[in-house]
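In my numbering, the protein residues as written are 31 to 416.
The C-beta atom is built at its ideal place from N, Cα and C for all residues, glycine as well.
Predicted, not measured: the structure shown is a model, and the values here were computed from it.
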Ligand code: SF4
């Protein structure tokens with residue numbers, strides 16, 4: 031199998047999007063965010079292209095101006111705001127990163143990471159924005175990001191993309207990345223003008239390979255079984271395939287859809303109204319409970335009588351056992367394992383602190399217990415935004 035890193039990442043986030051994009055190859059118009067990112071990447075490539083003449087700040091701003099396409103934006107105002115942001119980003123970038131200060135080895139360069147699974151050789155492919163050679167002979171891989179939010183250093187240290195880039199660069203320039211000659215991978219956040227860097231140990235890289243092997247196996251299985259479930263995630267709002275996705279396509283239906291002679295919109299309307307009534311009744315119930323409790327405290331009562339019956343206040347006690355004492359009693363009897371139960375929340379917390387290889391093993395141990403569907407309601411805001 032030959033798969034790009036971005037396809038792998040897409041699969042992990044949402045298998046259905048992966049299918050639409052990489053198997054069905056459905057063409058979609060470029061989003062304004064993608065157009066914005068592509069233009070900035072092109073400007074940075076021109077800026078850092080090795081050559082005798084160093085582009086000036088004016089050259090770069092002119093490039094942005096000449097290639098700005100207002101068609102991606104819904105209004106002139108939106109386009110003007112995005113353009114002003116692009117100019118600001120490039121000005122700040124230029125001030126902090128004068129091109130002659132860097133020894134650029136490659137720009138927008140392809141890479142491959144060979145992954146051996148049993149007898150088969152697989153490849154992860156991709157493109158790296160920039161590779162620099164630093165003064166001490168080490169290499170630095172730089173990937174530009176246009177994201178609004180910056181991740182924590184901890185997240186960057188665990189970032190799979192950077193680990194894969196590390197493997198790709200080591201594969202492409204083995205003599206330049208031999209042990210002892212450092213290799214740093216960095217994410218440059220253009221909207222913040224900040225760079226976060228990380229390095230990887232041989233153990234980290236072995237864990238990355240193990241995790242990628244697992245991903246390859248999952249993708250192969252999904253392809254064999256033709257199972258690509260939609261998986262809602264934080265990036266759905268920017269997904270180009272919403273019109274084909276079961277979680278979003280109803281939003282785009284212009285004509286009303288009828289089900290058992292009932293208007294679906296009327297069903298949703300009634301469901302929403304009932305939910306609202308339940309919320310209001312819950313709130314009122316809480317107020318009544320608080321008032322009655324207050325009255326009981328005041329009068330020293332534990333039961334109140336009304337025309338329709340009476341209400342009793344009861345103290346509920348919940349106990350927990352001291353686990354060490356229990357263990358001391360049950361372990362010698364061989365019954366300690368019988369009372370142990372895996373606590374999902376605690377397990378997640380503990381797993382987060384474990385090395386990637388151990389986390390992968392824990393993931394492997396996860397089995398589907400039961401599956402059912404629930405309905406959840408997300409109310410629209412007045413502005414109609416989500
Ligand atoms: S909208 Fe979300 S759930 Fe649907 S295909 Fe896109 S990423 Fe997947």
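| Item | Value |
| --- | --- |
| Heavy atom of ligand 1 within 8 Å of residue 402 beta-carbon | no |
| Exposure label - residue 316; buried when at least 16 CB within 10 Å | exposed |
| Closer than 8 Å: residue 183 CB and nearest ligand 1 heavy atom | no |
| Boundaries (first-last residue) of the beta strand (DSSP E) holding residue 342 | 339-342 |
| The region 293-305 touching the region 402-409, judged by at least three CB pairs closer than 8 Å | yes |
| Coil, strand or helix - residue 415 by DSSP | Confidence is the limiting factor: at residue 415 the pLDDT is only 41, short of 50, which leaves the residue's position unreliable, though a coordinate-based value still follows. Coil. |
| Spatially closest choice to residue 175 from 218, 199, 357, by CA coordinates | 218 |
| Whole-Å CB distance - residue 192 paired with residue 186, under 8 Å assumed | 7 Å |
| For residue 76 and residue 93, believed in contact at Cβ under 8 Å, the rounded distance | 6 Å |
| Those runs of the alpha helix (DSSP H) which lie wholly inside the region 142-202 and span at least 4 residues | 183-188, 190-202 |
| Own chain partners of residue 44 with C-beta closer than 7 Å, once the 5 adjacent residues on each side are dropped | 260, 261, 263 |
| Limits of the unbroken alpha helix (DSSP H) element including residue 265 | Counting along the chain, residue 265 falls outside any alpha helix (DSSP H), and DSSP gives it neither H nor E. |
| Coarse secondary structure for residue 301, derived from DSSP in three states | helix |
| Collapsed DSSP secondary structure at residue 34 in the structure displayed | strand |
| heavy atom of ligand 3 below 8 Å from residue 282 C-beta | This structure simply doesn't include ligand 3; it includes ligand 1 instead. |
| Residue 47 Cβ short of 8 Å to ligand 1 heavy atom set | yes |
| Identity of the residues DSSP links to residue 224 by a beta bridge | 219 |
| Integer Cβ distance of residue 35 from residue 194, believed to fall under 8 Å | 5 Å |
| Residue 108 versus residue 220 - alpha carbon distance | 19 Å |
| Nearest-angstrom beta carbon gap, residue 154 and residue 143 [assumed within contact, 8 Å] | 4 Å |
| Reference residue 229, options 347, 40, 197, closest by Cα | 197 |
| Residue 190 versus 204, 235, 137, residue with shortest Cα-Cα distance | 235 |
| Helix, strand or coil at residue 361 [DSSP, three-state] | coil |
| Limits of the unbroken beta strand (DSSP E) element including residue 334 | 333-336 |
| Inter-residue spacing [alpha-carbon to alpha-carbon] between residue 134 and residue 183 | 25 Å |
| Rounded separation between residue 66 and residue 101 - CA only | 12 Å |
| Test item: CB-CB of residue 152 and residue 32 under 9 Å | yes |
| Residue 214 vs residue 227 beta-carbon contact at 9 Å | yes |
| Residue 120 beta carbon less than 9 Å from that of residue 70 | yes |
| CA-to-CA distance, residue 366 to residue 17, given in whole angstroms | What the structure shows of the chain is the stretch from 31 to 416, and residue 17 is not part of that stretch, so it cannot be assessed. |
| Residue nearest to residue 97 in terms of C-alpha spacing, selected from 233, 72, 225, 326 | 72 |
| Distance, residue 281 Cα to residue 156 Cα | 34 Å |
| Whole-Å CB distance - residue 48 paired with residue 40, under 8 Å assumed | 5 Å |
| Secondary structure of residue 399, DSSP reduced to three states | coil |
| Among 141, 112, 105, nearest to residue 95 - alpha-carbon criterion | 112 |
| Assigned secondary structure, residue 372 (DSSP; H/G/I helix, E/B strand, else coil) | coil |
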